[in-house]
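Asker: Sharing a structure below in structure tokens format, with a few things to ask.
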Amino acid sequence: MNTDLPECDLLRSIDPAPHHVPADAQVRNLRAVLGRVAPTIAPRSAPRRPWLRIAVPVLGVAAAAAVVLPLALTAPTPHHEAATTATAPVSRQPALTAGSRTHDGTTILARTSVGDAEFLIGRRDDDVRFGVSLDGSDPDDNWEAIDGAATAAPDAIVILNAGNVAERYASTVARVGHDIVAVEVLTHDGSVVRALPEDGYVVAAWEGSDFSGSDVLDPRFRVHLRDGTSSTYTYLELTGH
14 MNTDLPECDL LRSIDPAPHH VPADAQVRNL RAVLGRVAPT IAPRSAPRRP
64 WLRIAVPVLG VAAAAAVVLP LALTAPTPHH EAATTATAPV SRQPALTAGS
114 RTHDGTTILA RTSVGDAEFL IGRRDDDVRF GVSLDGSDPD DNWEAIDGAA
164 TAAPDAIVIL NAGNVAERYA STVARVGHDI VAVEVLTHDG SVVRALPEDG
214 YVVAAWEGSD FSGSDVLDPR FRVHLRDGTS STYTYLELTG H
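Taking the numbering used here, the leading residue of the sequence shown gets 14, the next gets one more, and so forth.
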């Protein structure tokens, strides 16, 4: 070690052990030493924190942003139901089948149809009636009373109503005995319309001009019995006119 430097004398002068230097001189000499030595010491920079300590929180924030941002972007738009106005239910005619009832309480006894036209026999209390529903119209608007007291012998047919409907259809309604299993109407144009008894009645309808006047021949009626036999009658024979 080099002990000839001037700083060494100053250091020895502030060491109270081997020398008796006044206190104020020791302070003065210490300041002189520090004044000479301090400029030669390179300043130390503050220790740098490991980059991971900074990167982890930053990545954490970025990750949080990556999670939150898509959620914010893809959050569903609140759905507002369109306001609707309540409407009263539409009253519809029940399915017209044998045994069903219309709005006015008429029970259907027998029915047939031609396209969208329905031909019906019904009963309300003691009133037996015939009605037509065209293109879904309500038969309660056009019931026509027929002879509800009419009866028929076991093998007989009794015509209760016959005529034209809407200048397009012809129809007939009859009471039949319990031995009759089917009735065929042989129309003016040669067609055969088959009707099956329901509750002791048959109703037959077709497109044609039968019953429209004297220049049109009236249809004939073939009656099939339970024993397999059949009989054919003219309209005149069955009605007397």
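Every residue gets a Cβ at the ideal spot worked out from N, C-alpha and C, and that includes glycine. Every value quoted in this text rests on a predicted model; they were computed, and no experiment measured them.
#1: Expressed to the nearest angstrom, what Euclidean distance is found between the alpha-carbon atoms of Glu211 and Leu122?
#2: Taking Cβ positions, are Ala165 and Arg142 nearer each other than 8 Å?
#3: Would you report the Cα separation of Arg181 and Leu238, rounded to the nearest angstrom?
#4: Quick check on the burial criterion: 16 or more other C-beta atoms within 10 angstroms. Buried or exposed for Gly241?
#5: For Arg137, collect the residues of the same chain with a Cβ closer than 6 Å to its Cβ; drop the 5 residues on either side in sequence, then sort them by chain order.
#6: Along the chain, where does the alpha helix (DSSP H) that runs through Thr252 open and close?
#7: Per DSSP, what kind of secondary structure is Asp228 in: helix, strand or coil?
#8: Could you check whether Val145 and Glu220 sit closer than 8 Å to each other, using their CB atoms as the reference points?
#9: With DSSP collapsed to three states, give me the class of Asp140.
#10: Can you tell me whether DSSP reads Arg188 as helix, strand or coil?
#11: So does Val196 have its beta carbon nearer than 7 Å to some heavy atom of the ligand ADP?
#12: Can you name, in chain order, every residue of its own chain whose Cβ lies under 7 Å from the Cβ of Gly190, other than the five neighbours on each side?
#13: Quick check: the Cα distance between Asn155 and Val178, rounded to an integer number of angstroms?
#14: Need the endpoints of the beta strand (DSSP E) that Leu238 sits in, please.
#15: Can you list, in chain order, the residues of its chain with a C-beta nearer than 8 Å to that of Asn174? Leave out the 5 residues immediately preceding and following it.
#16: Give the DSSP-derived three-state secondary structure of Val71 in the structure shown.
#17: Is Leu147 near Ala162, with beta carbons less than 8 Å apart?
#18: In whole angstroms, give me the CA-to-CA distance for Ser225 and Ile193.
#19: Pull up the distance between the alpha-carbon of Ser243 and that of Val236, whole angstroms please.
#20: Please state whether DSSP places Arg124 in a helix, a strand or coil.
#21: Can you grab the Cα-Cα spacing for the pair Ala68 / Arg44, in whole Å?
#22: Could you give the DSSP three-state label for Arg181: helix, strand or coil?
#23: Which same chain residues end up closer than 8 Å to Ala111 when comparing Cβ atoms and leaving out the 5 residues on each side of it in sequence?
#24: I need the boundaries of the beta strand (DSSP E) containing Leu109, first residue and last residue.
#25: By a C-beta neighbour count over all protein chains shown, 10 Å radius and 16 as the cutoff for buried, is Arg114 buried or exposed?
Answerer: Straight from the coordinates:
#1: 6 Å
#2: no
#3: 31 Å
#4: exposed
#5: Gly118 and Thr119
#6: Tyr248 to Thr252
#7: coil
#8: no
#9: strand
#10: strand
#11: Of ligands this structure carries none, so the ligand ADP is not represented either.
#12: Ala165, Ala166, Pro167, Asp168 and Ala169
#13: 11 Å
#14: Arg233 to Leu238
#15: Phe143, Glu157, Ile159, Ser184, Thr185 and Val186
#16: With a pLDDT of only 41 at Val71, under the threshold of 50, the placement of this residue in the model should not be trusted, and no figure is reported.
#17: no
#18: 28 Å
#19: 5 Å
#20: strand
#21: Here Ala68 scores only 41 on pLDDT, less than 50, and its place in the model is too uncertain to base an answer on.
#22: coil
#23: Ile121, Leu122, Ala123, Arg124, Glu211 and Asp212
#24: Looking at the DSSP string, Leu109 is not in any beta strand (DSSP E), and its letter there is neither H nor E.
#25: exposed
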